[in-house]
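Numbering (numbering that gives the first Met the number 0), first residue to last: 0 to 169. The beta-carbon is built from N, C-alpha and C at its ideal position, and this holds for glycine as well.
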Amino acid sequence: MRSALVSMASRAMAAKGRSPAAPFMLMQQAFYHENVVDHYNNPRNVGSFDKNDPNVGTGLVGAPACGDVMKLQIRVDPETGKIVDSCFKTFGCGSAIASSSVATEWIKGKPMDEVLTIKNSDIAKHLALPPVKLHCSMLAEDAIKAAVKDLKAKNVQNGSSEKVAGEAKA
0 MRSALVSMAS
10 RAMAAKGRSP
20 AAPFMLMQQA
30 FYHENVVDHY
40 NNPRNVGSFD
50 KNDPNVGTGL
60 VGAPACGDVM
70 KLQIRVDPET
80 GKIVDSCFKT
90 FGCGSAIASS
100 SVATEWIKGK
110 PMDEVLTIKN
120 SDIAKHLALP
130 PVKLHCSMLA
140 EDAIKAAVKD
150 LKAKNVQNGS
160 SEKVAGEAKA
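The structure is reproduced here in structure tokens:
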């Protein structure tokens, strides 16, 4: 029934010179909260940093059940221990992309220890994700933790005496 309606709407839109995909996009918008649609259509901070930069931490996580993969990176000011920039690349559904986008916005300007308090439930609530999409917000939480862990491991390996996560390292 739904496919017949979409097909009819697509033909009508095409006859009026509009994209045949427009009804599908409208249907998606009806099922997803406006925050998901906004972050999916206009994702913030898409990109990649040099993973060899000593001030960059990379978190790479995936969900085997659905095939979503998320890479989230943070760049930290070594003097303050605060995240000065973040970016992501996500291969997955709209909810996974929106979760990544929100996460990169929320972590900017915060100390690394503080971003570890961001929970998937916070992201899911902001995006009004349905229960079947909660794994997308969990990927974002896991990616943040993995990026912080990666950066801390780099600093230990390099014997850094710079501030990391707001604490002086010896």
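Cut-off 8 Å between Cβ atoms - residues of its own chain near residue i, not counting five sequence neighbours on either side
{"i": "L115", "result": "I143, K144, V147"}
Beta-carbon proximity list for residue i, same chain, < 7 Å, skipping 5 on both sides
{"i": "A95", "result": "D67, M69, T89, C135, L138"}
{"i": "D149", "result": "G56, T57, G58"}
{"i": "K118", "result": "E140"}
{"i": "A62", "result": "H134, L138"}
{"i": "K132", "result": "S94"}
Three-way DSSP call (helix, strand, coil) for residue i in this model
{"i": "I96", "result": "helix"}
{"i": "P130", "result": "helix"}
{"i": "A64", "result": "coil"}
{"i": "L150", "result": "helix"}
{"i": "I117", "result": "coil"}
{"i": "K107", "result": "coil"}
Segment limits, beta strand (DSSP E) that includes residue i
{"i": "S85", "result": "82 to 90"}
Exposure label - residue i; buried when at least 16 CB within 10 Å
{"i": "F30", "result": "exposed"}
{"i": "G93", "result": "buried"}
{"i": "T57", "result": "buried"}
{"i": "T79", "result": "exposed"}
{"i": "S120", "result": "exposed"}
{"i": "A64", "result": "exposed"}
{"i": "A102", "result": "buried"}
{"i": "M24", "result": "In this prediction, M24 has a pLDDT of 45, which is less than 50 and means its spatial position is unreliable; what the coordinates show is noted afterwards. Exposed: under 16 other Cβ atoms inside 10 Å."}
{"i": "K124", "result": "exposed"}
{"i": "K50", "result": "exposed"}
Run of the alpha helix (DSSP H) containing residue i, from where it starts to where it stops
{"i": "D52", "result": "It is not in any alpha helix (DSSP H) - D52 carries neither H nor E in the DSSP assignment."}
{"i": "N41", "result": "Looking at the DSSP string, N41 is not in any alpha helix (DSSP H), and its letter there is neither H nor E."}
{"i": "D112", "result": "111 to 114"}
Cβ-based neighbour list, residue i, same chain, cut-off 6 Å, excluding 5 preceding and 5 following
{"i": "S100", "result": "H38, P42, R43"}
{"i": "G91", "result": "D67"}
{"i": "I106", "result": "I82, S85, V114"}
{"i": "E104", "result": "R43"}
CB of residue i within 8 Å of CB of residue j, strictly
{"i": "V45", "j": "L126", "result": "no"}
{"i": "S98", "j": "I82", "result": "no"}
{"i": "L71", "j": "F48", "result": "no"}
{"i": "M111", "j": "V75", "result": "yes"}
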